[in-house]
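*Asks:* Dropping a structure here in structure tokens format, bear with me for questions.
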Amino acid sequence: ASTSEAQERVAVEIAEQFVDLAKGKKLFGAINANAMTNALSEESRAWVTLGQRLGQLAGSIGGQTTGQIKVTACGASLKQAGSYLSAAVLAGYLVTKQQAGGDGIILNLVNAPAMAKEQNLQVEISNIDKCCRPYSACVTVDLGGGFKATGTTCSGGSVLLSLQGQDFPAPATLSGTTVVFSAADNAQLLSAVSGAVAGENVTSLTLSAAGGGDRWGVVNFLAPPSQKSIDNLKGVVKAMSAISF
645 ASTSEAQERV
655 AVEIAEQFVD
665 LAKGKKLFGA
675 INANAMTNAL
685 SEESRAWVTL
695 GQRLGQLAGS
705 IGGQTTGQIK
715 VTACGASLKQ
725 AGSYLSAAVL
735 AGYLVTKQQA
745 GGDGIILNLV
755 NAPAMAKEQN
765 LQVEISNIDK
775 CCRPYSACVT
785 VDLGGGFKAT
795 GTTCSGGSVL
805 LSLQGQDFPA
815 PATLSGTTVV
825 FSAADNAQLL
835 SAVSGAVAGE
845 NVTSLTLSAA
855 GGGDRWGVVN
865 FLAPPSQKSI
875 DNLKGVVKAM
885 SAISF
């Protein structure tokens with residue numbers, strides 16, 4: 645659906661499918677009906693959001709993939725989550741590409757897999773029963789050499805546990821206006837980043853663990869930061885990406 649009329653038609657069809665599902669009918673005609681059905685449960689919604697946000701993160705800082713996205717669901721509670729997690733990651737990943745291209749297509753669990761197929765993009769989903777302590781479940785998205793991130797849910801929200809192999813001692817929040825950056829590891833990094841965004845409504849600032857090489861950081865803002873703060877931040881980090889979750 646590349647035109648507004650086609651998008652409206654798809655939206656109506658999806659709405660009708662949800663009505664049918666509520667009445668106990670099957671979801672005929674859905675591109676990914678299984679993903680939609682599983683994603684409707686209360687406990688699944690937070691994981692759908694996490695999948696979308698990890699996908700957005702991958703699309704924003706991971707660059708182009710080789711044609712395959714690997715999604716690993718860890719934990720017994722996610723054993724049946726493959727269909728909606730893969731669709732959610734695709735929706736998040738592709739939305740960043742659509743924004744870059746200016747297509748304006750609204751992506752969701754139904755049309756994202758179809759669009760991915762058109763672009764020869766595949767998702768390989770795997771499950772691991774045990775998850776890294778202290779978390780009972782988590783999701784890893786791997787673009788194959790260019791990007792790898794692991795996240796989980798916390799009180800219904802999405803948090804980042806590791807990025808590019810670097811762990812966050814305190815999980816980083818993935819919500820609202822967020823800036824993700826990489827920077828050279830030095831003792832002044834925290835104060836330099838804090839100074840760069842001084843005066844902004846910063847809700848959290850999280851750095852990955854020190855250990856040599858570059859470190860990753862996540863800054864969450866209550867409102868979009870000014871261009872001055874963005875420019876200041878660019879002056880103290882190596883690379884950064886602003887994402888609106």
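Mind the numbering: the sequence shown is residues 645 to 889 in the working numbering, read in order. Each residue gets a CB set at the ideal place from its N, CA and C atoms; glycine is no exception. These numbers were taken from a predicted model, which means no experiment stands behind them.
(1) Between G673 and N830, what straight-line distance do the alpha-carbon atoms span, to the nearest angstrom?
(2) When the distance is taken between beta carbons, is G711 closer than 8 Å to Q766?
(3) Label E762 either buried or exposed according to how many other C-beta atoms from any shown protein chain fall within 10 Å of its C-beta, with 16 as the threshold for buried.
(4) Can the beta-carbon of L818 be found closer than 8 Å to that of A827?
(5) Find out if the Cβ-Cβ distance for the pair I772, S730 is shorter than 8 Å.
(6) Between the Cα of C782 and those of S721, N752, G699, S704, spot the shortest distance and give me the residue it belongs to.
(7) Quick check: the region 843 to 850 against the region 864 to 877, are there 3 or more CB pairs under 8 Å?
(8) So, using beta-carbon positions, are T822 and I874 closer together than 8 Å?
(9) For N876, I'd like the list of residues in its chain whose CB is within less than 6 Å of its CB, leaving aside the five on either flank, ordered along the chain.
(10) Do V739 and G695 have their CB atoms nearer than 8 Å?
(11) According to DSSP, is A890 helix, strand or coil?
(12) Where does T750 sit, in a helix, a strand or coil, going by DSSP?
(13) Using CA atoms only, rank isn't needed, just tell me which of K714, Y737, T693 is closest to S704.
(14) Over what stretch of residues does the alpha helix (DSSP H) that includes Q871 continue unbroken?
(15) Report the partner residues of Q712 according to the DSSP bridge assignment.
(16) Alpha carbons only, please: which of L807, P869, T796, F791 is nearest the one belonging to W860?
(17) Quick one: grab the DSSP three-state call for A735.
(18) In this structure, does DSSP put A720 in helix, strand or coil?
(19) My output table needs one value for G857: the three-state DSSP class, helix, strand or coil.
(20) Per DSSP, T784 forms a beta bridge with which residues?
*Replies:* In terms of the structure at hand:
(1) Only weak support is given to the placement of G673: the predicted model assigns it a pLDDT of 40, under 50, and the question is left unresolved by the model.
(2) Contact: yes.
(3) That one is exposed.
(4) Cβ atoms of L818 and A827: not closer than 8 Å.
(5) In this structure, S730 does not lie closer than 8 Å to I772 by Cβ.
(6) When each option's Cα is compared against that of C782, the closest is S721.
(7) Yes, they touch.
(8) It is not a contact, given that the beta carbons lie outside the stated cut-off.
(9) Hits under 6 Å: A840.
(10) Not a contact, by the Cβ cut-off of 8 Å.
(11) Nothing can be reported for residue 890: it is not among the residues displayed for the chain, which extend from 645 to 889.
(12) Looking at the sequence shown, residue 750 is not Thr but Ile. Coil.
(13) Shortest Cα-Cα distance from S704 to any of K714, Y737, T693 involves Y737.
(14) Per DSSP, Q871 belongs to the alpha helix (DSSP H) from 871 to 878.
(15) Partner(s): Q766.
(16) Scanning L807, P869, T796, F791 for the CA closest to the CA of W860 turns up L807.
(17) Three-state DSSP puts A735 in a helix.
(18) The three-state reading of DSSP puts A720 in helix, counting H, G and I together.
(19) In this structure, G857 counts as coil in the three-state DSSP scheme.
(20) Looking at the DSSP assignment, T784 forms a beta bridge with T716, T794.
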